[in-house]
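Notes to accompany the following structure.
In the numbering used here, the protein residues as written are 333 to 544.
This is the structure in C-alpha cells:
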C-alpha cells in the first residue's frame, strides 16, 4: 500500500486525495471523487464519479463502489462488498465479510487468507446505512432502504424498508426522499415531501406507483 498525497498523478486529475490517505496504485477513482485524511483504499477497489470517502474510512480489496456514494468517517467496508450508485454509509458503519469468524483453526494455528472464504454485503441504489450500524454478511440491503443508527442487519432488507434494532426489523417504509411513508385510506403509501405513491404487495414488498 502506498501513501498518496494531494499531489496526485495526472491519471487522477479532478480527484482529490488528502495528505495521509492511503490509496493503492491499482485503485480506480472516478472524476470528482474526494478521499480524506487517513482513509485507506485497498488493491483493485473501484469507485465511481463524485464519491466522498471520509477521514479514517477503510475500503477493502476489490470493493466496488458506484457513483455519488458517501462513505463517512471511520466506516469499514470489507471485501467483497458492493455499493451501488447513491449509497450513504454513515460514520463508523461496519460491513463484515466473515460469517463464522475465527482467528485460529481447530488446530490452534493462526488462520491465513486461504483458510476462509469471504462473504459480502450488497447495498443497492440509494440505500442509507445509519451511524454505527452493522451489516453481517452475507446480506443485501435493498434499493432506497434505510437502516437506523446502531441497527444490526442479519437478514436481507427489502427495497424502501426502514429497519431498526438488534437484530434489525422493519418498522416502516421510506421513499426516495428518505421520509417515512404515510399510509393512505386506499391502502397505498405516500411520501409526505414529494407526494410519490407506493403499493405494498401481500408478500411485503413495496413498488413505486408514481406521483399523487
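Every residue gets a Cβ at the ideal spot worked out from N, C-alpha and C, and that includes glycine.
From the listed residues 477, 466 and 494, the smallest Cα separation to residue 486 is found for 466. In terms of CA proximity to residue 517, 531 leads the group 531, 356 and 504. Here residue 407 carries a coil assignment [DSSP, helix/strand/coil]. In this structure residue 503 is exposed. Its beta-carbon is surrounded by fewer than 16 other beta-carbon atoms within 10 angstroms. When C-beta atoms of the segment 493–510 are compared with those of the segment 448–457, fewer than three pairs fall below 8 Å, so the two segments do not count as touching. If you draw a straight line from the Cα of residue 448 to the Cα of residue 430, it comes to about 8 Å. C-alpha of residue 541 to C-alpha of residue 533: approximately 12 Å in a straight line. With contacts defined as CB atoms closer than 8 Å, residue 360 and residue 379 qualify as a contacting pair. The three-state secondary structure of residue 493, taken from DSSP, is strand. Around the C-beta of residue 425, 16 or more other C-beta atoms lie within 10 Å, and the residue is accordingly described as buried.
In this structure, DSSP gives residue 533 a state outside helix and strand, which the three-state scheme calls coil. Residue pairing by DSSP places residue 540 opposite 530 in a beta bridge.
For residue 468, there is no enclosing beta strand (DSSP E), as DSSP marks it with neither H nor E. Counting only runs of at least 4 residues, the segment 494–522 fully encloses no alpha helix (DSSP H) element at all. Rounded to the nearest whole angstrom, the C-alpha separation of residue 366 and residue 478 is 24 Å. In the structure shown, residue 396 adopts extended strand secondary structure according to DSSP, grouped into three states.
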